[in-house]
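Asker:
Residue numbers (this note's numbering): 6 to 450.
As structure tokens, this is what we get:
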């Protein structure tokens, strides 16, 4: 859970000035800077000091505070804003084959990478003439992103799809073709939601093919525009005849506190409790309630959660469950109930992501899983008894691979069989939690 902050503040700076320990740190920096035989760069001294202080917090059980140097800080800022200047590709690090980067998903339709001809499965060998071998994800994002309108040159290695299967069967080395592509960066917007499947033109279809009155809404980001996007999406879905919605919070690690509160506010009746926050000594600092009558009272809701549902996603799940607004389906959530403020350091020195608050569900029950807490402790958000769907590690890996493949391939509704079943596996066959959600919604009709 992240709470954005514009400045550390004069009061905090003043307290450090009057703290002998704080003055000792400043004095140590001064002495090293002025007297060390091998003078290190100031930026490295600052970064080392920040990592050392955060390390103390981590050893004391705070797993979520962190120091983000400028290269790591900017992608987080972009995620919270839900937009950045870039080329519009999802990448991941690879250690074998040409280059160090793989285009992991088809580029967004109409985006700069899509227009330039980049394809999923492409290897990015060079960025602006610099090899990507051994590159980190933060470094790659820093090089790919930039000012909209500026060009970036990529050397791409591509394995012709017609050859790949035959080569694999014959156990032959892959014969990649190299392409030099220049892409003009544009403003890339990160959508907050994904649907059940992609349409032929690449846009998301949220309604289930077999049950078009049910929508499957997968949360991708809790950012600055999540609430606005959800309201617009639900307006469109209800106008299209949707009466029931599955809100999918699986694999969602959270985001902005304000976004979580806004989502719950939109779906709850007036004056319903959403979440409370507590400070260092357990004192309740704020209690948030819904501000107006629910905007979509006619919608039946089911919320999907799993072992990786965390933070902002847990707030939404707990608020809807505690107020009787939604049924929870899946397995116990991750158990992260602390708020991190993003505190800018001096210009160009990155961000301190600092745990400052804990949050508690409307019922007052604990969510947070403390370090080394046993499974028997009451942490996390639990599904309803009728909604328990627990997967083994092998079943989860198989499901995620199925979901990844389904997200890659547009599905033409006009080409579906008469029963609406997509060509490979229906989501109601491959996705046990979604199938249980649909079953419970049918009983609620």
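All C-beta atoms in this analysis are idealised placements derived from N, C-alpha and C, irrespective of residue type, glycine included.
1. If residue 212 and residue 250 are in contact, beta carbons under 8 Å, what's the gap, nearest whole angstrom?
2. How long is the line joining the alpha carbons of residue 310 and residue 396, rounded to whole angstroms?
3. What beta strand (DSSP E) runs, 3 residues minimum, are completely inside the segment 351 to 427?
4. Under 8 Å by Cβ, that's how I've got residue 228 and residue 86 pegged, so tell me the actual separation to the nearest angstrom.
5. State the start and end residues of the unbroken beta strand (DSSP E) segment that holds residue 183.
6. Short check: CB of residue 132 to CB of residue 107, under 9 Å?
7. Can you tell me where the beta strand (DSSP E) with residue 291 in it begins and where it stops?
8. Could you pull out every residue in the same chain whose Cβ sits closer than 8 Å to the Cβ of residue 50, ignoring the five residues on either side in sequence?
9. Inspect the beta-carbon positions of residue 323 and residue 330 and report whether they are closer than 9 Å.
10. Starting from residue 73, follow the beta strand (DSSP E) in both directions and report where the run begins and ends.
11. For the candidate residues 122, 66, 105, 151, whose alpha-carbon lies nearest to that of residue 112?
12. Taking just the CA atoms, how far does residue 374 sit from residue 384?
13. What runs of the alpha helix (DSSP H), each 4 residues or longer, lie entirely inside the segment 127 to 154?
14. Out of 334, 83, 284, 328, state which residue places its alpha-carbon closest to the alpha-carbon of residue 308.
15. Alpha carbon to alpha carbon, how far is residue 420 from residue 445?
16. List the whole-angstrom C-beta distance separating residue 431 from residue 215, where the pair is believed to meet the contact cut-off of C-beta under 8 Å.
17. When you compare only the Cα positions, how much space is there between residue 339 and residue 411?
18. Of the residues 367, 405, 260, 337, which one's Cα is nearest the Cα of residue 83?
19. What is the rounded straight-line gap between the Cα of residue 29 and the Cα of residue 88?
20. Give the range of the beta strand (DSSP E) segment to which residue 89 is assigned.
21. Is DSSP giving residue 432 helix, strand or coil here?
22. Hey, does residue 104 have any beta-carbon neighbour from chain B nearer than 9 Å?
23. Helix, strand or coil: how does DSSP classify residue 240 here?
24. Report the residue ranges of all alpha helix (DSSP H) runs contained in full by the segment 198 to 278; include only those spanning at least 4 residues, in chain order.
25. What is the rounded straight-line gap between the Cα of residue 207 and the Cα of residue 115?
26. Going by DSSP, what residue range makes up the alpha helix (DSSP H) through residue 121?
27. Below 9 Å between beta carbons: does that hold for residue 294 and residue 319?
28. Within 10 Å of its beta-carbon, does residue 5 have 16 or more other beta-carbons around it, so buried, or fewer, so exposed?
29. Rounded to a whole number of angstroms, what is the C-alpha to C-alpha distance between residue 16 and residue 328?
30. Please look up how many angstroms separate the CB atoms of residue 376 and residue 68, rounded, as I've assumed it's under 8 Å.
31. Where DSSP assigns a beta bridge to residue 335, which residues make up the other side?
32. Who are the Cβ neighbours of residue 447 in its own chain at under 7 Å, not counting the five residues just before and after it?
33. From the DSSP output, in three-state form, read off residue 29 for me.
34. The beta strand (DSSP E) with residue 346 in it runs from where to where?
35. Where does the unbroken beta strand (DSSP E) through residue 157 begin, and where does it stop?
36. If you draw a straight line from the alpha carbon of residue 59 to that of residue 359, how long is it in whole angstroms?
Answerer: Looking at the atomic coordinates:
1. The sequence position of residue 212 within the chain shown is 207, counting from 1. The sequence position of residue 250 within the chain shown is 245, counting from 1. Contact doesn't hold; Cβ gap of about 10 Å is too wide.
2. Here residue 310 refers to the residue found at position 305 when the chain shown is read from its first residue. Here residue 396 refers to the residue found at position 391 when the chain shown is read from its first residue. Cα to Cα, the separation comes out at about 12 Å.
3. 356 to 365
4. Residue mapping note: residue 228 aligns to position 223 of the chain shown, counting from 1. Residue mapping note: residue 86 aligns to position 81 of the chain shown, counting from 1. Here residue 228 really is in contact with residue 86; their C-beta atoms are around 7 Å apart, less than 8 Å.
5. By 1-based counting over the chain shown, the position of residue 183 is 178. Note, residue 183: beta strand (DSSP E), 182 to 189.
6. Reading the chain shown from its first residue, position 127 is the one you call residue 132. Reading the chain shown from its first residue, position 102 is the one you call residue 107. Contact flag unset, no.
7. Your numbering for residue 291 matches position 286 in the chain shown. Residues 289 to 294.
8. Here residue 50 corresponds to residue number 45 of the chain shown, with the count starting at 1. For residue 50, where only same-chain residues beyond five positions count, the Cβ hits under 8 Å are 34, 37, 38.
9. Translated into positions along the chain shown, residue 323 becomes position 318. Translated into positions along the chain shown, residue 330 becomes position 325. No, the pair does not count as a contact, with Cβ atoms beyond the cut-off.
10. Position 68 of the chain shown, counting from 1, holds the residue named residue 73. Element bounds for residue 73: 71 to 73.
11. The residue given as residue 112 occupies position 107 in the chain shown. The shortest Cα separation from residue 112 among 122, 66, 105, 151 belongs to 122.
12. One-based indexing of the chain shown puts residue 384 at position 379. One-based indexing of the chain shown puts residue 374 at position 369. If I take the Cα positions, the gap works out to 5 Å.
13. 142 to 149
14. For the purposes of this step, residue 308 is taken as residue 303 along the chain shown, with counting starting at 1. When each option's Cα is compared against that of residue 308, the closest is 334.
15. Walking along the chain shown from the start, residue 420 turns up at place 415. Walking along the chain shown from the start, residue 445 turns up at place 440. Residue confidence is low: residue 420 scores 47 on pLDDT, short of 50, so the model does not pin down where it sits. Its coordinate-derived value is still stated next. Roughly 29 Å between the two C-alpha positions.
16. Counting from one through the chain shown, the residue named residue 431 turns up at place 426. Counting from one through the chain shown, the residue named residue 215 turns up at place 210. Residue 431 to residue 215, Cβ: 7 Å. Contact.
17. Along the chain shown, read from residue 1 onward, the residue named residue 339 stands at position 334. Along the chain shown, read from residue 1 onward, the residue named residue 411 stands at position 406. Spanning the two alpha carbons is a distance of roughly 25 Å.
18. In the chain shown, counting from the first residue as 1, residue 83 sits at position 78. Ranking 367, 405, 260, 337 by Cα distance to residue 83 puts 260 first.
19. For the purposes of this step, residue 29 is taken as residue 24 along the chain shown, with counting starting at 1. For the purposes of this step, residue 88 is taken as residue 83 along the chain shown, with counting starting at 1. One C-alpha to the other measures close to 41 Å.
20. Locating residue 89 in the chain shown gives position 84, where the first residue counts as 1. Residue 89 -> beta strand (DSSP E) spans 88 to 91.
21. Locating residue 432 in the chain shown gives position 427, counting from the first residue. Here residue 432 sits in helix by DSSP.
22. This model lacks chain B altogether; it includes just one protein chain.
23. One-based indexing of the chain shown puts residue 240 at position 235. Reduced to three states, the DSSP call for residue 240 is helix.
24. 231 to 244, 262 to 272
25. Here residue 207 is taken as the residue at index 202 of the chain shown, counted from 1. Here residue 115 is taken as the residue at index 110 of the chain shown, counted from 1. Rounded to whole angstroms, residue 207 to residue 115 spans 9 Å at the Cα level.
26. Taking the first residue of the chain shown as position 1, residue 121 is located at position 116. Where residue 121 is concerned, the enclosing alpha helix (DSSP H) starts and stops at 117 to 121.
27. Position 289 of the chain shown holds residue 294. Position 314 of the chain shown holds residue 319. Against a cut-off of 9 Å, the Cβ pair of residue 319 and residue 294 comes out as no contact.
28. Missing from the structure shown is residue 5; the chain here goes from 6 to 450 and no further.
29. Here residue 16 refers to the residue found at position 11 when the chain shown is read from its first residue. Here residue 328 refers to the residue found at position 323 when the chain shown is read from its first residue. Residue placement at residue 16 is flagged as unreliable, the pLDDT there being 39, under the threshold of 50; the coordinate-derived value follows with that caveat. When the Cα atoms are used, residue 16 and residue 328 turn out to be separated by approximately 39 Å.
30. Sequence index remark: in the chain shown, residue 376 carries index 371 (1-based). Sequence index remark: in the chain shown, residue 68 carries index 63 (1-based). Right, their Cβ atoms sit about 7 Å apart.
31. Taking the chain shown and counting its residues from 1, one reaches residue 335 at position 330. In DSSP, residue 335 forms a bridge with 310, 393.
32. In the chain shown, the residue the question calls residue 447 occupies position 442. Cβ within range, chain order: n/a, list empty.
33. As a working mapping, residue 29 is identified with position 24 in the chain shown. Residue state, collapsed to three classes: helix.
34. Your numbering for residue 346 matches position 341 in the chain shown. Run containing residue 346: 343 to 349, per the beta strand (DSSP E) assignment.
35. Counting from 1 along the chain shown, the entry for residue 157 is found at position 152. Here the beta strand (DSSP E) through residue 157 covers 156 to 163.
36. Counting from 1 along the chain shown, the entry for residue 59 is found at position 54. Counting from 1 along the chain shown, the entry for residue 359 is found at position 354. So the two alpha carbons sit approximately 8 Å from each other.
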